[in-house]
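S.K.:
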Amino acid sequence: MSDNSQVNSQIVSTVGAMQSSALSNNVIKLSGAGKAYQSISQSSAIAVQDATDNLRNINTMATTAMGVALAQMLATGNAEQYSAVIEQANKMVAASTSNFTAVGAGASQLVNEFPAG
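Going from the sequence shown to the numbering used here is simple: count from 1 and add 2.
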C-alpha cells in the first residue's frame with residue numbers, strides 16, 4: 003500500500019473522484035457510443051468522398067467522350083452517329099449525379115439517425 007501522507011489530501015481526493023468517474027458504467031457506455039458514432043461518421047464521410055471522386059471521374063470521361071464525338075461530327079459531318087455518343091455521355095453524368103445524391107443523402111441520414119448515448 004502506498005503512503006498517502008506525503009500527498010496533499012485534495013489531490014488524493016480529486017484523483018479518486020476522477021478514477022471513480024472514469025470507470026463508471028455511464029462513461030464506459032458513452033465512450034463506446036462515441037467511438038461508434040465517430041466510426042459511422044468517418045465511414046459516411048469516406049463514402050461521400052468516394053462518390054465525389056466517382057462523379058468527378060465520370061464527368062471527365064463524359065467531357066472527353068463529348069469532345070471526341072464533336073470533333074468527329076465536325077470532321078465527318080455525321081451528326082446522327084455522334085449525337086448518340088453525346089447522349090450516352092450525358093446519361094452517364096446524370097446517373098453518376100443521382101448516385102452522388104443518393105450516397106450523400108444516405109450518409110447524412112445514417113449519421114443523423116444514429117442513437118445518441
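No residue lacks a Cβ here, since even glycine has one placed at the ideal position from N, Cα and C. Only a predicted model underlies this, so the values are computations on that prediction, with no experimental measurement involved.
#1: Could you pull the start and end residues of the alpha helix (DSSP H) that residue 79 belongs to?
#2: With the cut-off set at 7 Å, would you say residue 88 and residue 68 are in Cβ contact?
#3: Select from 116, 101, 110 and 41 the residue whose C-alpha is nearest the C-alpha of residue 60.
#4: Beta-carbon separation of residue 46 and residue 109 under 7 Å?
#5: Measuring CA to CA, which of 82, 44, 38 and 57 is closest to residue 94?
#6: DSSP three-state label for residue 102, please.
M.R.: Considering the structure as presented:
#1: Indexing the sequence shown from 1 puts residue 79 at position 77. Unbroken run through residue 79: none, as it is neither H nor E.
#2: Within the sequence shown, the letter at position 86 stands for residue 88. Within the sequence shown, the letter at position 66 stands for residue 68. In contact: residue 88 and residue 68 (Cβ atoms closer than 7 Å).
#3: Numbered from 1 along the sequence shown, position 58 holds the residue referred to as residue 60. Looking at the Cα atoms, 101 is the closest of the given residues.
#4: Mapped onto the sequence shown, residue 46 falls at position 44. Mapped onto the sequence shown, residue 109 falls at position 107. Against a cut-off of 7 Å, the Cβ pair of residue 109 and residue 46 comes out as a contact.
#5: Locating residue 94 in the sequence shown gives position 92, where the first residue counts as 1. Looking from the CA of residue 94, the closest CA among 82, 44, 38 and 57 belongs to 57.
#6: Residue mapping note: residue 102 aligns to position 100 of the sequence shown, counting from 1. Looking at residue 102 - three-state DSSP - the assignment turns out to be helix.
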